[in-house]
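Accompanying notes for the structure given below.
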Amino acid sequence: MEISVLQKNNLITMLLILVCADLLFSGFEANALPYDYTASIECLETPLKPLHGGGIILNPELNMGLKGWQAFGDAKIEQRELAGNKFVAVHARNRPTDSISQKLYLQQETLYSFSAWIQVSEGNEAVAAVFKSGTGFKHGGAVVAESKCWSMLKGGFTSDATGPAELYFESKNTSIEIWVDSISLQPFTTEEWASHQDQNIKKVRKAKVRIQAIDKLGNPLSNATITIQQQQNKPGFPIGCAINKNILTNTPYQKWFTSRFTVTTFEDEMKWYSTEVSPGHEDYTSADALLSFAKQHNIAVRGHNVLWDDPKYQPGWLYSLSPAELSNAVHKRIVSVMSRYTGQLIAWDVVNENLHFSFFENKLGDQATPNFYRLAHAVDWSVPLFLNEYNTIEDSRDGAATPAKYLQKLRQIQGLTRNAKMVIGLESHFGTPNLAYMRASLDTLGATGLPIWLTELDVLSGPNQAKYLEQILMEAYSHPKVDGIVIWAAWKPQGCYRMCLTDNNFNNLATGNVADNLLRQWRSRAVSGLTDTRGFFEATLFHGDYEINITHPSSSAHSFVVVSTNASLQSPLTFQVSV
C-alpha cells in the first residue's frame, strides 16, 4: 500500500511502516481446502495440469486410456496422443450433445468448481460443459475453443440435490471433433467457500500497519497514545449506488445516500435518449445538476452511457437515418458528451450491452464498436473506458455473453485502441446467484490483468433477495480481481428498476440493511493503544484514508491524515514524517 501523509502540525516525528504481507489464519480457515483462482486465457500448445488434481474426476488427464469415460449420445470417442500428451477425441457427432461423459455423484448444497482444456479439429467454436442430474441440467461454463491449441474452460455450479449426475460437453457445430483434456471437478462446502472469501479479504483488502513514534532526535517514544480513525467516505475499495434526478429535490434521499456511498452512476440522465430528444437540441441540464451534487459531496461519478446497442433505447429520431447520417450523429454524440465531462468522471461506459445487441453494427458494420472506442479514447485519453455487459457472470446459460465471448469482443476493441485504459464492466443483474460460476468467470476475466467492476448490481425481487444480495457482494468484494461495485438501486417514488434499498421514507429495506451491514463490516473501527518500549504500535486495517492522532506526556497532541493511493503494492514501505 503506497501512502502519502498530510501534515497538521510541526512538533514530533513518526515512522510509519505498512506491511501488506499474507496474514496467518487459524482454526477452520487453516484447514479449509483452498480454491485455485488460476485461469488461462491463452491458447496453449499443451494443456496445463488439471486444477485441484482433477478433484473427483476419474482419469482427468486421460493417462489411463478411456477409463471412467464413455460416449454420450451417438458420438465415437478414442484416446489420442500428440507430442506426448494424451487426450480424448470425440468424432462422428450428429447432434450438438454428442460427446464424452463421466458419471458422478453430487452432494446437495455443495459448490463445484469445474475446469477443462478444450480443442476443436478446425476453426473456432463455442464448447460448453453440462451436468445432467435428476433435477435437470446445470451449465458449468463455456469456452471458444480453437484448432491447433488448447483453451481453458473454467466454470462451476451449486448442486441442488444429492444423487447421480453425468458430465458431458456440447457444441452446435456437429461437423467438428471435440478434444478434451485436464478435466477437474472440485467440491467445496459452503463453509469452505466462505473461508476463501474471509481469507481473501484479509489478504487483498487489508494491510498490517506498524507505526513508530520517535522524538526530534530520533529516539523512540514509549507509552505514546496512538489513535487511528478511518476517514468517513474514504474507503480504499469504492462501493456506490446509482442515483437519478429525484435526489436533487429530496433532502431525506440526499442524507441517506451521501452518508453511505463514495461513487455513483446516473441511471438515465447521461444517456443519449435523455440528452438529445430531438436532433441537434442537446440538453444536459439534469446530468449537469447531478454532477454538481456529486462534486459537492465528494462522490465520484461513472459516465453511463455514451451509446447503447439495444435498438429499444435509442433517441426516436435515430431510426430513420441513413448509415452515413447515423455515422455522423454517433460521431457528434461521442465528441459532445465526452468532451463536456472531460476530467470530471472516473470512467465511461462507451458501449452498453454490445454482446446481446447490435443496433449500430447492423447499420455501420462489424468494426463499429472498435471505432467508437478509438474515437472515445481520442476525445478523452485519460478516462477508463468500460465495455458494459450483462449475464457474463450472472447466468451460465447465456451463450451470447460468456467470459470467452466478452474477451473476444474486448480483443477486437483493443486491436484498434491499444493505448486506451480498458476496464471490464459487468452489469450483474442477478436472479438466483451461481456463486461458483461467478467466481470462475471473474477468474477468467481477471486473467486479462484489467480492472473489473460490477457496474449495475441488483437482484430480482423475491423472498431471498436480501440473502442473495449479501452473497453476491461478499463474492465480489473478496475476489482479488474486482476493483469496485455500484449497486443499481436509484430511488423513484414509483419504485426502483428491480431492487430498492429503502422504502419511500428512506427507511432501510432488508436489502438496505445488507448494504449497511457490509459497509460497516468493511471499514476499520477506531483503534487506539500505547507504543511499546521501542516506540512501536501495530494494527491491521482495511485499505483507505486514516487520521492518526499521537499524544505523549512530553508534547501536545498531533495528528496526520494518511492517504492510501495504491492498495496493490505488496512490498513494505517506510516513511519518516517530520511534523
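Read left to right, the sequence shown gives residues -26 to -1, 1 to 553 (mature numbering (1 follows the signal peptide of the UniProt record, and there is no 0)).
Think of the CB as a built atom: it goes at the ideal place given N, C-alpha and C, for glycine as much as any other residue.
Given this structure, state the Cα-to-Cα distance separating Ser14 from Ser415, to the nearest angstrom.
For the purposes of this step, residue 14 is taken as residue 40 along the sequence shown, with counting starting at 1. For the purposes of this step, residue 415 is taken as residue 441 along the sequence shown, with counting starting at 1. Each residue's Cα considered, the two are about 11 Å apart.
Measuring alpha carbon to alpha carbon, tell me which of Ser294, Gln495, Pro24 ends up nearest Tyr451.
Locating residue 451 in the sequence shown gives position 477, where the first residue counts as 1. For Tyr451, the nearest C-alpha among the options comes from Gln495.
Let me know the secondary structure DSSP gives Ile15 once reduced to three states.
Taking the sequence shown and counting its residues from 1, the one referred to as residue 15 is at position 41. Residue state, collapsed to three classes: coil.
When the Cα of Glu144 is compared with those of Ala464, Glu165, Lys112, which residue comes out closest?
Counting from 1 along the sequence shown, the entry for residue 144 is found at position 170. Residue Lys112 is the option with its Cα nearest to Glu144.
To the nearest angstrom, how far is the alpha carbon of Ser356 from that of Ser301?
Walking along the sequence shown from the start, residue 356 turns up at place 382. Walking along the sequence shown from the start, residue 301 turns up at place 327. Each residue's Cα considered, the two are about 24 Å apart.
By the 10 Å Cβ neighbour count, where 16 or more other Cβ atoms means buried, how is Val251 classified, buried or exposed?
Reading the sequence shown from its first residue, position 277 is the one you call residue 251. Exposed, since its Cβ has fewer than 16 Cβ neighbours within 10 Å.
Could you tell me which residues DSSP puts in a beta bridge with Ala100?
For the purposes of this step, residue 100 is taken as the residue at position 126 of the sequence shown. Paired residues: Val118.
Who are Pro194's beta bridge partners in DSSP?
Residue mapping note: residue 194 aligns to position 220 of the sequence shown, counting from 1. Paired residues: Ile188.
Using the beta-carbon count (16 or more within 10 Å), is Gly509 buried or exposed?
Position 535 of the sequence shown, counted from the start, is the residue given in the question as residue 509. Counting Cβ neighbours within 10 Å, Gly509 comes out buried, since at least 16 surround it.
Between which two residues does the beta strand (DSSP E) holding Ser75 run?
Walking along the sequence shown from the start, residue 75 turns up at place 101. Where Ser75 is concerned, the enclosing beta strand (DSSP E) stretches over 73 to 80.
Quick one: residues in its chain with C-beta nearer than 7 Å to the C-beta of Lys77, no 5 flanking neighbours on either side, listed in chain order?
Indexing the sequence shown from 1 puts residue 77 at position 103. Within the same chain, Lys77 has close Cβ partners Pro138, Glu140.
With a floor of 4 residues, list each alpha helix (DSSP H) that falls wholly inside the stretch 461 to 541, ordered by position along the chain.
484 to 495
Taking all protein chains shown into account, decide if Thr32 is buried (16 or more other Cβ within 10 angstroms of its Cβ) or exposed.
Here residue 32 is taken as the residue at index 58 of the sequence shown, counted from 1. The question names Thr, but residue 32 in the sequence shown is Leu. That one is exposed.
Val280 versus Asp48, Ile367, Leu40, Arg314, residue with shortest Cα-Cα distance:
In the sequence shown, the residue the question calls residue 280 occupies position 306. Cα-wise, what sits closest to Val280 is Arg314.
Buried or exposed for Tyr380, going by 16 or more other Cβ atoms inside 10 Å?
The residue labelled residue 380 in the question sits at position 406 within the sequence shown. By the 10 Å Cβ count, Tyr380 comes out buried.
Looking only at its own chain, which residues have a Cβ that is under 8 Å from the Cβ of His305, when we skip the five neighbours before and after it?
Taking the sequence shown and counting its residues from 1, the one referred to as residue 305 is at position 331. Result list for His305: Leu349, in chain order.
Assign Phe240 to one of three DSSP states: helix, strand, or coil.
Residue mapping note: residue 240 aligns to position 266 of the sequence shown, counting from 1. Of the three classes helix, strand and coil, the one that applies to Phe240 here is strand, per DSSP.
Nearest-angstrom Cα separation, counted from His526 out to Ala484:
Numbered from its first residue, the sequence shown carries residue 484 at position 510. Numbered from its first residue, the sequence shown carries residue 526 at position 552. If you take the alpha carbons of Ala484 and His526, they lie about 45 Å apart.
What are the start and end residues of the beta strand (DSSP E) that includes Ala90?
Working through the sequence shown from its first residue, we reach residue 90 at position 116. Residues 84 to 94.
Out of Tyr287, Thr391, Leu264, which has the shortest C-alpha to C-alpha gap to Arg276?
For the purposes of this step, residue 276 is taken as the residue at position 302 of the sequence shown. Minimum Cα distance to Arg276 is reached at Leu264.
The beta strand (DSSP E) enclosing Ile446, as first and last residue numbers
Indexing the sequence shown from 1 puts residue 446 at position 472. Premise fails: Ile446 lies in the alpha helix (DSSP H), 439 to 452, not in any beta strand (DSSP E).
Of the residues Glu430, Phe88, Trp43, Val456, the one placed nearest Leu424, counting alpha carbons only
Translated into the one-based positions of the sequence shown, residue 424 becomes position 450. Taking only the C-alpha atoms, the option nearest Leu424 is Val456.
State the start and end residues of the unbroken alpha helix (DSSP H) segment that holds Ile387.
As a working mapping, residue 387 is identified with position 413 in the sequence shown. From DSSP, the alpha helix (DSSP H) with Ile387 extends over 377 to 390.
If the criterion is Cβ atoms closer than 8 Å, does the pair Phe157 and Val101 meet it?
Here residue 157 corresponds to residue number 183 of the sequence shown, with the count starting at 1. Here residue 101 corresponds to residue number 127 of the sequence shown, with the count starting at 1. According to the sequence provided, residue 157 is Ile. The question's Phe does not apply to it. Not in contact: Ile157 and Val101 (Cβ atoms no closer than 8 Å).
With a CB to CB cut of under 7 Å and the five nearest residues on each side skipped, what residues in its chain are close to Leu443?
Against the sequence shown, residue 443 aligns to sequence position 469. Excluding sequence neighbours, Leu443 sits near Val433, Thr485, Val488.
To which residues of the same chain is Pro253 closer than 6 Å at the C-beta, ignoring the five residues directly before and after it?
Here residue 253 corresponds to residue number 279 of the sequence shown, with the count starting at 1. If we look at Pro253 and ignore the five residues flanking it on each side, its Cβ neighbours are Trp291.
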